Structures are given as structure tokens and as C-alpha cells.
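So the structure is just underneath, and the comments pick up after that.
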Amino acid sequence: MASQFKLSVCPHDTAKNLLGWFTLNTYLQRNLGTGIHFEPQDNFLVERQAVLDNAFHVVYANPYSALCFARDKGFVPVARPAGVVDETVVVRKAGAAALESPRIASATDKLVIHDLGLDVLRTLEIDPAKASFKFVGNHLNAAKAVLQDEADLGFVFNETWAGLAAATRAQLEVVGESTGGRAFHCFMVSPEWADKREAIQHILCNMHLDPSGKRVLDDLHFERFEPVGEEVLAPLAALIGESR
């Protein structure tokens with residue numbers, strides 16, 4: 001019988017290594033002494049709505065979802081991957097001219113990558129109000145839209161950009177990139193599990209000191225987790241509020 005307590009993870013992360021997240025859930029259960037049912041999803045909007053509509057107790061959330069979960073359900077951040085941030089790379093086709101009113105491909109306006117991209121536009125002295133946006137479903141498609149001349153600029157997640165083949169990157173030109181590390185994925189705990197918040201934070205943030213925990217981290221390509229709290233939400237809220 002599945003546990004009544006549930007974990008949800010951002011689909012962008014489970015798509016890279018689903019088994020690794022099952023292993024992390026097993027590690028968390030063992031060290032917490034409590035059964036937790038992991039329910040993976042393959043669409044971030046579906047996953048976000050599932051957490052908002054149902055009883056989940058621990059989530060690993062992308063920045064935009066983290067704000068939604070805190071605002072609507074009272075989730076509190078407890079840990080984040082050390083040194084891992086969400087940034088936006090704005091690209092155009094190599095050799096293309098700058099345009100005052102560009103067509104822009106973005107995965108969706110429901111992820112912080114879009115908001116960071118809008119910030120970059122302003123540093124490039126491009127008025128977002130003069131641009132037209134095409135939402136293409138994922139970050140890879142944003143790069144493809146530029147390559148296929150369906151867009152003049154693309155908002156690409158920094159991790160997606162780093163993972164592109166060298167031959168693909170050679171056809172594109174970076175015109176701007178967000179900086180500052182204001183956005184990142186994080187673990188959050190529900191108000192129903194407020195009494196377990198410190199224990200979960202301790203388990204996650206000490207995994208790198210435990211050989212079995214270190215193996216889980218290595219499998220997920222994380223160095224370690226570090227503690228965070230509600231203070232990380234205000235910069236995110238300001239970013240999204242300012243960009244819209």
C-alpha cells in the first residue's frame with residue numbers, strides 16, 4: 001500500500017534521471033523513518049497543478065513552481081543544490097542582425113527562464129512590449145525555432161545551452177545572458193510536515209558526508225545540498241513581478 005505521504009519532483013529533473021530520484025526518495029525515507037510515495041510526472045504544468053490540488057509533503061521545485069507552492073500552499077524552502085542556478089541565455093542565428101522588434105521563442109511564460117530573458121532584453125535595450133513571443137513548449141525548441149528562422153531570438157535555459165552539441169551552438173550566437181543567481185530549484189516542505197522540516201533539511205544537507213548519500217548525489221550530478229529558507233522567495237517574487 002502506498003504511503004499517504006508524497007514527494008513530487010520537477011519533471012525537468014526526473015526526465016534526466018528518473019531512477020536517481022527514486023533512489024533519493026528511498027534514502028530520504030530510510031533516514032527520516034517515514035514512508036514517502038514518489039509520484040513522477042512528465043509535464044511541469046501537470047506536476048505543478050497536482051501539487052496545488054493534492055496533499056504533497058516534500059517537493060523539489062523549479063523557481064516558478066516554488067513561488068506558487070509557497071504562496072498557495074504554504075510550502076517552505078529547506079535546501080538547494082550548491083552552485084546550481086537557473087539562468088537564461090538569449091541567442092540568435094550566427095551573423096544575424098539586431099532587430100528592434102524581434103520575434104522571440106520561449107518555452108513558456110510559466111517558468112522563470114522567461115522572466116530572466118525579459119530582464120536580458122532590457123539590458124540589450126530591447127523593449128519587450130515591441131517583441132512578439134512564440135511559446136514552443138521546451139527550451140530545446142526555443143533554440144530550434146531560431147535555427148529554423150521561426151524566431152529571431154530564443155530564450156534558452158543555461159543547462160540546455162550547455163548540453164547542445166558544439167555543431168549546434170556554432171550556428172547560434174549568444175547576445176545576452178542573465179547573471180546574479182537569483183533563481184534555482186529547491187526542496188520545500190509542506191506546512192503539514194512543519195515538525196519534520198529541520199530533520200529533512202539536516203538529512204539533505206549532510207548527504208555529501210555519508211557514503212551512501214554521496215553516491216545518490218553523484219548519480220544526480222549534484223555536489224551537495226545547502227540549507228535555505230523563506231528568504232530566497234522574495235528575490236524570486238521581485239524578479240517575476242518586475243519582468244511582467
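Be aware that the sequence shown starts at 1, since it is given in the UniProt record's numbering, and climbs by one per residue. For every residue, glycine included, the Cβ atom is placed at its ideal position computed from N, Cα and C. Given the structure is predicted, the values throughout are model-derived calculations rather than measurements.
Item	Value
Within the same chain, show all residues whose beta-carbon is closer than 8 Å to that of residue 230, passing over the 5 residues directly before and after it, in chain order.	70, 76, 77
Do you know how far the Cα of residue 143 is from the Cα of residue 99?	17 Å
Do three or more CB pairs link the region 114–124 to the region 173–186 at distances below 8 Å?	yes
Assuming residue 185 contacts residue 60 under a Cβ cut-off of 8 Å, what Cβ separation, rounded to an integer in Å, is found between them?	6 Å
At 3 residues or longer, what runs of the beta strand (DSSP E) sit wholly inside the region 139–166?	153–157
Three-state secondary structure (DSSP) at residue 133?	strand
On the DSSP bridge list, what partners appear for residue 261?	Residue 261 falls outside the range modelled here, since the chain spans only 1 to 244, and no answer is possible.
Assuming the contact rule is C-beta atoms closer than 8 Å, residue 136 and residue 107 should be a hit. Round their C-beta distance to whole Å, please.	6 Å
So what does residue 176 bridge to, in DSSP terms?	90
Rounded to whole angstroms, what's the CA-CA distance from residue 39 to residue 116? Just pull it up for me.	29 Å
In the DSSP output, what is residue 122 paired with across the bridge?	Partner(s): none; residue 122 has no beta bridge.
Does the distance from the C-beta atom of residue 91 to that of residue 173 stay below 8 Å?	yes
For residue 212, is the classification buried or exposed, using 16 other Cβ atoms within 10 angstroms of its Cβ as the cut-off for buried?	exposed
Whole angstroms is fine: what's the gap from residue 232's alpha carbon to residue 189's?	14 Å
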